[in-house]
Structures are given as structure tokens and as C-alpha cells.
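**Student:** Quick one: structure below, then a few questions.
Protein chains: 2
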Amino acid sequence: MRAVCLLSGGMDSSTLAYVARDRGYGVLALHLNYGQRTEARELAAAREVARALGAVEFLPIPVEHLRVFGASSLTDPSIPVADHDPSAAGLPGTYVPFRNGNLLAIATSYAEARGADAIFIGVQALDYAGYPDCRPAFIRAFQRAIDLGTADGTSIRLEAPFAGLSKEEILRIGLGLGVPYDLTWSCYRAGDRACGTCDSCHYRLEAFRALGLDDPIPYREGA
Amino acid sequence: MRAVCLLSGGMDSSTLAYVARDRGYGVLALHLNYGQRTEARELAAAREVARALGAVEFLPIPVEHLRVFGASSLTDPSIPVADHDPSAAGLPGTYVPFRNGNLLAIATSYAEARGADAIFIGVQALDYAGYPDCRPAFIRAFQRAIDLGTADGTSIRLEAPFAGLSKEEILRIGLGLGVPYDLTWSCYRAGDRACGTCDSCHYRLEAFRALGLDDPIPYREGA
Chain A
1 MRAVCLLSGG
11 MDSSTLAYVA
21 RDRGYGVLAL
31 HLNYGQRTEA
41 RELAAAREVA
51 RALGAVEFLP
61 IPVEHLRVFG
71 ASSLTDPSIP
81 VADHDPSAAG
91 LPGTYVPFRN
101 GNLLAIATSY
111 AEARGADAIF
121 IGVQALDYAG
131 YPDCRPAFIR
141 AFQRAIDLGT
151 ADGTSIRLEA
161 PFAGLSKEEI
171 LRIGLGLGVP
181 YDLTWSCYRA
191 GDRACGTCDS
201 CHYRLEAFRA
211 LGLDDPIPYR
221 EGA
Chain B
224 MRAVCLLSGG
234 MDSSTLAYVA
244 RDRGYGVLAL
254 HLNYGQRTEA
264 RELAAAREVA
274 RALGAVEFLP
284 IPVEHLRVFG
294 ASSLTDPSIP
304 VADHDPSAAG
314 LPGTYVPFRN
324 GNLLAIATSY
334 AEARGADAIF
344 IGVQALDYAG
354 YPDCRPAFIR
364 AFQRAIDLGT
374 ADGTSIRLEA
384 PFAGLSKEEI
394 LRIGLGLGVP
404 YDLTWSCYRA
414 GDRACGTCDS
424 CHYRLEAFRA
434 LGLDDPIPYR
444 EGA
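As you go down the protein sequences, you meet chains A and B in turn.
Under our numbering, the first residue of the first sequence carries the number 1, and numbering increases by one thereafter.
Under our numbering, the first residue of the second sequence carries the number 224, and numbering increases by one thereafter.
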């Protein structure tokens, strides 16, 4: 039994790969480089996490088109990454148009070509309600596209076990499974140390604080 | 009003781009190189067709992962392309796992980033009934994934005007719109001239013959 796990190298996707392993799947770790500004750091994190959990395969794939299309602060260096703002509403500037549709299409081709049984994606709808492609309804719609768009006899389950969980709940699960959070990288900004103030750092730090723990990765001074 | 048109450079997709233009859309021609063995010829054809119809933009994009995953005679040079066989049933060897799911995900990102109103895809279900990702039910499922997975307020119509048409009907439409078929390329096999015997050549030649016309592209001797 095998599962393609979308592994960015961040806190959620690293926990996800451990969940898939815990459920008895051999992990086909798929890391996609779509031109996000922190890719070098993310790739290293994903590779180390895949090695730590004993993935069957670690496959990094370049996805050039999302960077070419732009329209996101994650992929366009001319658009700055905003700090977390609790009063912000609507679509975050870090939204990459239909990113998860692309990640899932790639994962589906990989799963079908390898005869895998499932795809795991670490979308989390609570903190990322502004991202349309993180919502459970989108995941359900994509499951139907997989069912109808792959060869007859193919059965690939799309698993999004964190969709309804808080970041704190995800962290608690990961700590129970021994996820090496010191190897992971979540920050949206490039740098040797995580910035501590972007949305991604904000939610990560909040989760560690809620459990009364220190995050083991280094942050910039003052963060 | 703008539309992303998936333009491989073949007979169907070239006709499709002319249909979109005829419906009043400015054409954003998207050509995807997914490692298919005839890519050099297809790219040249797509570029010339886009120029001929006056596309607003012609964007070729490399899609490396479908070649990396393999499992198709179109993308794996070690698997030969079969001749057309009227008695063949099931999945053709040219099937690329979830190819159209990937093409549509890329087109959706492009359309959302550019604020386009529609995506045109030239799937044709009659001759290609063996390809799951050419069926109308898959197209409908993907429309729902687009509606749920793009930003609120985004509206992108997925148009597959050839889904229920025969190749002959598509050709008749294209001739009426002045599609320059001499610029197009349909053959699955690499070569200076089309082979005349693969599935794609077979259906193309059959359509021209049904209308009592000669196909203007060169074929290998004996084809």
C-alpha cells in the first residue's frame, strides 16, 4: 500500500507524511518547486524529512509555470510578503492562483503512473480560510475529477486529514509520531533564519506556544 | 473578453483556437511541452497557428513531470507507438496518466492570473473514448474544481466544444473558419513527415477523406 505525499518541508506536510506512514503506507514523497522564494530551504527540509521517515521515494519536481504566471508574493520577487495581520480579510497576497489544483494534478499523475492507492495533502482550512484551494469542498471536487479522469480500475483516495484541524492539533499529532520539527521550514521569506512575522511563522509559533513548547528552528532576533 | 486556448498545434486544438476567436475572445494560446516525442514539430506548428490567427499571447510552457512519471508511449521513448487498430479496446498505450487534469490545472492558473473568462480545450470523446480524461463527465467535474478552487469572484468557463463532435465535423467547422491546416501537426511519431498509420494520423486522414479532400501536410510514402 503506497501513498503519494505532497511534502513541502513545512510543519504541516512533514506531519502529514508521518501520518501516512503511521497508517501503513509506503511514502512516495513528492516535493514541488514552483518558484516559491524559499525553495532552496524548503527542498533541503523536505529531503531531510523524507530521509528521516524512511520514504520509499523522494521526488523533487520543477513546476515552472506558476512562477511564469506570477500574481503572488510567494513567486513574484517584486511583490513583498506581508506580515501577519489579524484584521486582514479576503485573499492573502501569498495566494498562488489554483496552486493546489496543480499540485493535486501532478500528484494524481504520479500516483496513477506508480499504482499508488492514495494521495495525502496537508491543506488546513482554519488558518487558511482565505485560500479557496484549501477548502474541503475543493478537495471533494478534485476527488471526483480524479475518479473520472484516471483509467478505469484505478482507485486513488485523496486524503486531507488536517482540513478540519487547528495548527495546534496538527502539532500535537506530529509530536506523538516523532516528527523531527527541527528539520522543517515554514517561513514564507527567504533567509537563514525564519522571520517569525509572516502568516506561516505566526501560525507555527502560535501552535508551539499553545502547547507550552519552544519551536526548535532558529528565528531572527526580535521575532 | 479573453480565453486561454490549449494549443498543441494539432488539427483539433488549432480549430479550437479559431472557434474561440470566432466567438469574440482574445486568444491566450498556451502550448505545453510535456515531453511528448513530437514536441519540436508540435511547438513549431502551434507557434505558426497562433501567429496566423492573431493570438494576444503565445506562451509555451515546459511540463517536465509527465515525462518523469512516464507510463505512456507518448513520453517514454522505450515504449513504441502502436499503429491504429480498429479492434483495439481499453486504454491506448498513448494515454498519459491524468494528462488533461494537468493541462487544465495549468490553464486554470494562467486564466486566473490573467483574469481570463474562459478556457478552451479540444477534447473529443468519440474517437478517444479510451482516454478517461477526454470524457464530458470529467470536464464537468473539473469545472466544479475550478469554481471551488479559484478566488471568490473569479469566473472561468471551461469550454469543450468538440466533446460530442466527430473529427469530420470538427474539420468542417475549421474549413469554414479558414484554419490553416497546412501549418498543423497531428502525428504521434517523430519525423519530417507524418506516419499516416498511428491513431492520430488515422483519424485525421479519415476526416479529410470523408469530406473528399486531400490533407495538405506531407505523409510518408505508402501511408
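Idealized CB from N, CA, C, for every residue including glycine.
Consult DSSP for B:ASP370 and reduce its assignment to one of helix, strand or coil.
**Tutor:** Correct three-state label for B:ASP370: helix.
**Student:** Could you pull the DSSP bridge partners for B:ASN256 from this structure?
**Tutor:** B:ASN256 pairs with B:PRO285.
**Student:** On the criterion of 16 or more Cβ atoms from any shown chain inside 10 Å, does B:ARG450 qualify as buried, or is it exposed?
**Tutor:** Since the first residue shown for chain B is 224 and the last is 446, residue 450 of chain B is missing from the structure and cannot be characterised.
**Student:** What residue from B:THR407, B:PHE321, B:ARG358, B:GLY376 has the CA that sits closest to B:LEU276's CA?
**Tutor:** With distances taken between Cα atoms, B:LEU276 lies closest to B:THR407.
**Student:** Within a Cβ cutoff of 6 angstroms, which residues of the same chain sit near A:GLU39, ignoring the five residues on either side of it in sequence?
**Tutor:** Counting only Cβ-Cβ distances below 6 angstroms, and skipping sequence neighbours, we find ASN33.
**Student:** How far does the beta strand (DSSP E) with B:LEU239 in it reach, from first residue to last?
**Tutor:** Note, B:LEU239: premise wrong, no beta strand (DSSP E); alpha helix (DSSP H) at 234-245.
**Student:** Roughly how many angstroms lie between the CA atoms of A:TYR18 and A:LEU213, to the nearest whole one?
**Tutor:** Looking at the two C-alpha atoms, the distance is approximately 20 angstroms.
**Student:** For a test of the three-state rule: what should DSSP assign to A:GLY115, helix, strand or coil?
**Tutor:** Coil, per DSSP.
**Student:** Since I believe A:ILE119 is in contact with A:LEU158 (beta carbons under 8 angstroms), could you give me their beta-carbon distance rounded to a whole number of angstroms?
**Tutor:** Indeed they touch by this definition, with Cβ atoms about 5 angstroms apart.
**Student:** Out of A:SER8, A:GLN124, A:ALA3, which one is the CA nearest neighbour of A:SER186?
**Tutor:** Looking at the Cα atoms, A:SER8 is the closest of the given residues.
**Student:** So what does DSSP say about A:GLY26, is it helix, strand or coil?
**Tutor:** Here A:GLY26 sits in strand by DSSP.
**Student:** Determine the extent of the alpha helix (DSSP H) in which B:ALA267 is found, giving its start and end residues.
**Tutor:** Per DSSP, B:ALA267 belongs to the alpha helix (DSSP H) from 262-276.
**Student:** Would A:LEU28 pass as an interface residue toward chain B - the criterion being a Cβ-Cβ separation below 8 angstroms?
**Tutor:** For A:LEU28, the answer is no, since every Cβ of chain B falls outside 8 angstroms of its Cβ.
**Student:** In chain B, which residues lie less than 7 angstroms from A:THR94 when you measure between Cβ atoms?
**Tutor:** Simply none; closest approach about 13 angstroms.
**Student:** Which full runs of the alpha helix (DSSP H) of 4+ residues lie inside the stretch 381-411 of chain B, going along the chain?
**Tutor:** Correct list: 390-400.
**Student:** With a threshold of 8 angstroms between beta-carbons, can B:ASP375 be considered close to chain A, or not?
**Tutor:** By this cut-off, B:ASP375 is an interface position.
**Student:** Do you know how far the Cα of A:ARG220 is from the Cα of A:GLY149?
**Tutor:** Straight-line Cα distance between these residues: approximately 46 angstroms.
**Student:** Please go through the same chain and pick out, in chain order, the residues whose beta-carbon is closer than 8 angstroms to the beta-carbon of B:PHE431, but skip the five residues on each side of it.
**Tutor:** LEU394, ASP437, ASP438.
**Student:** Against chain A, does B:ASN323 count as a neighbour if the rule is that its beta carbon must be under 8 angstroms from one of theirs?
**Tutor:** True, the Cβ-Cβ gap to chain A drops below 8 angstroms.
**Student:** Note down, in chain order, all residues in the stretch 381-408 of chain B with a beta-carbon under 8 angstroms from any beta-carbon belonging to chain D.
**Tutor:** Looking for chain D here will not work: the only protein chains present are A and B.
**Student:** Please classify A:LEU104 as buried or exposed, where buried requires at least 16 other C-beta atoms within 10 Å of its C-beta.
**Tutor:** It is buried - the Cβ of A:LEU104 has at least 16 other Cβ atoms within 10 Å.
**Student:** Measure the CB-CB distance between A:ARG51 and A:LEU28 and report whether it falls below 8 angstroms.
**Tutor:** The answer is no: Cβ separation not under 8 angstroms.
**Student:** Relative to the C-alpha of B:GLY324, which residue among B:TYR354, B:ALA336, B:LEU314, B:LEU400 is closest?
**Tutor:** Closest by alpha carbon: B:TYR354.
**Student:** Are the C-beta of B:GLY345 and some C-beta of chain A separated by less than 8 angstroms?
**Tutor:** No, B:GLY345 does not count as interfacial toward chain A.
**Student:** Cβ of B:ARG416 less than 8 angstroms from any chain A Cβ?
**Tutor:** It does not: the Cβ of B:ARG416 has no partner Cβ on chain A nearer than 8 angstroms.
**Student:** Counting only Cβ pairs nearer than 8 angstroms, list the residues of chain A close to B:ALA275.
**Tutor:** Those do not exist, as B:ALA275 stays about 24 angstroms from chain A at its closest Cβ, beyond 8 angstroms.
**Student:** What does A:PRO216 reach in chain B if we use C-beta pairs closer than 8 angstroms?
**Tutor:** Those within 8 angstroms of A:PRO216 in chain B number zero; the least Cβ separation is about 33 angstroms.
**Student:** Buried or exposed for A:ASP133, going by 16 or more other Cβ atoms inside 10 Å?
**Tutor:** The residue in question, A:ASP133, is buried, as its Cβ has 16 or more Cβ neighbours within 10 Å.
**Student:** So, helix, strand or coil for B:LEU229, using DSSP?
**Tutor:** B:LEU229: strand per DSSP, three-state reduction.
**Student:** Considering only the beta carbon of each residue, do A:LEU211 and A:ILE121 sit closer than 8 angstroms?
**Tutor:** No, these two residues do not count as a Cβ contact at 8 angstroms.
**Student:** Please confirm whether B:GLU265 has its beta-carbon closer than 8 angstroms to some beta-carbon of chain A.
**Tutor:** Not one chain A Cβ lies under 8 angstroms of B:GLU265.
**Student:** Quick check on B:ILE329 - is its C-beta less than 8 angstroms from some C-beta in chain A?
**Tutor:** True, the Cβ-Cβ gap to chain A drops below 8 angstroms.
**Student:** Indicate the three-state DSSP secondary structure (helix, strand or coil) for B:TYR318 in the structure shown.
**Tutor:** It is coil, neither helix nor strand.
**Student:** Starting from the C-beta of B:ILE284, find all residues in its chain whose C-beta is less than 8 angstroms away, skip the five residues before and the five after it, and write them out in chain order.
**Tutor:** These residues qualify, in order along the chain: LEU253, HIS254, LEU255, ASN256, ILE329.
**Student:** Is the CB of B:GLY372 under 8 angstroms away from at least one CB in chain A?
**Tutor:** Yes, B:GLY372 counts as interfacial toward chain A.
**Student:** Mind pulling the chain B residues with CB within less than 8 angstroms of A:HIS31?
**Tutor:** Per Cβ cutoff of 8 angstroms: no residues; A:HIS31 is ~12 angstroms from chain B at best.
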